[in-house]
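Let me begin by presenting the structure, written as structure tokens, before commenting on it.
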Amino acid sequence: MRLLIVEDNLKLSAWLAKLLRAERYIVDCVNDGDDGAHALQTQPYDVAIIDLGLPKMGGIDLIRATRDRGVTVPILILTANDSLSHRVKGLDAGADDYLSKPFEISELEARLRALSRRTATSKRAQLSFGPLVLDQNTRLFELAGKQLHLSPREYALLETLFRKAGTTVSKAWLMESIFGFEDEPSDSAIELYVHRLRKKLEGSTVSIATLRGLGYLLRTLEN
Ligand code: CA
-5 MRLLIVEDNL KLSAWLAKLL RAERYIVDCV NDGDDGAHAL QTQPYDVAII DLGLPKMGGI
55 DLIRATRDRG VTVPILILTA NDSLSHRVKG LDAGADDYLS KPFEISELEA RLRALSRRTA
115 TSKRAQLSFG PLVLDQNTRL FELAGKQLHL SPREYALLET LFRKAGTTVS KAWLMESIFG
175 FEDEPSDSAI ELYVHRLRKK LEGSTVSIAT LRGLGYLLRT LEN
């Protein structure tokens, strides 16, 4: 799952990014509203976390501009200003939820899970594809009842394929889903992660197929 944090308090955003990366999220940070607008219009995010008081373009204007462009990413507002009118303005501009600073990381994570479930195809906690099961609450995969141990990148790649299981996912889309701004995405890195995932799926009825020139497909023997 790829997240964008738009926050001008660098200490706070670095702290948040570190904690969320430890939880296997792919995290990008930008520090003003203009960069936030650009990122949201050009990259696929699963959730955006937006501070309201931002330089260049304020949070409310950023949310409005994002929605005006037809970007439907779930938006969580972070606000230091706990006044009712700020929260109402944010929600009216098109945000989905808000959290007042200071907040507990566990509450932020619960809200991120709730927001990503809102856009997911199924609201159930457990999704399955053949013997592969994803628990959307713990964000862990099980294969035939056994937990799969995955690196953050392997997890992000498998999650992207899993959510589109049965359909072909292009390499370009995979790259944008699993690499943040600080990474250097490459074709060969994707191939390496696919190779590692294939090893971990070996012996089961679910596999990753390569469709030359098109991308990758998570499939089961049954289909
Ligand atoms: Ca701020």
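Counting from -5, one number per residue, gives the positions in the sequence shown under our numbering. For each residue, glycine too, the CB sits at the ideal point set by N, CA and C.
Near ligand 1, meaning a Cβ closer than 6 angstroms to any of its heavy atoms, lie the following residues in chain order: 2, 3, 45, 47, 48.
Under DSSP, residue 210 takes part in a beta bridge, and its partners are 163, 204. Contact annotation, residue 188 with residue 172: C-beta distance approximately 11 angstroms; criterion of less than 8 angstroms not satisfied. DSSP places residue 136 within a strand segment (E or B) once states are collapsed to three. For the pair residue 161 and residue 9, the Cα-to-Cα distance works out to about 37 angstroms.
Note on residue 43: 16 or more other CB atoms within 10 angstroms of its CB, so buried under the neighbour-count rule. With 16 or more other Cβ atoms inside 10 Å of its own Cβ, residue 130 counts as buried. The beta carbon of residue 146 sits closer than 6 angstroms to those of 18, all from its chain and outside the five residues before and after it, given in chain order. Per the DSSP secondary-structure output, residue 20 pairs in a beta bridge with -4.
The Cβ-Cβ distance between residue -2 and residue 39 falls below 8 angstroms. Beyond the five residues adjoining it in sequence on each side, residue 33 comes within less than 7 angstroms, by CB distance, of -2, 22, 24 in the same chain, given in chain order.
In this structure, residue 88 lies near residue 58, with their beta-carbon atoms less than 8 angstroms apart.
For the region 74 to 134, the continuous beta strand (DSSP E) assignments of 3+ residues that do not extend past its boundaries occur at 91 to 94, 120 to 123, 126 to 129, in sequence order.
Burial of residue 200 is indicated by the presence of at least 16 other C-beta atoms within 10 angstroms of its C-beta. For residue 181, the three-state secondary structure derived from DSSP is helix.
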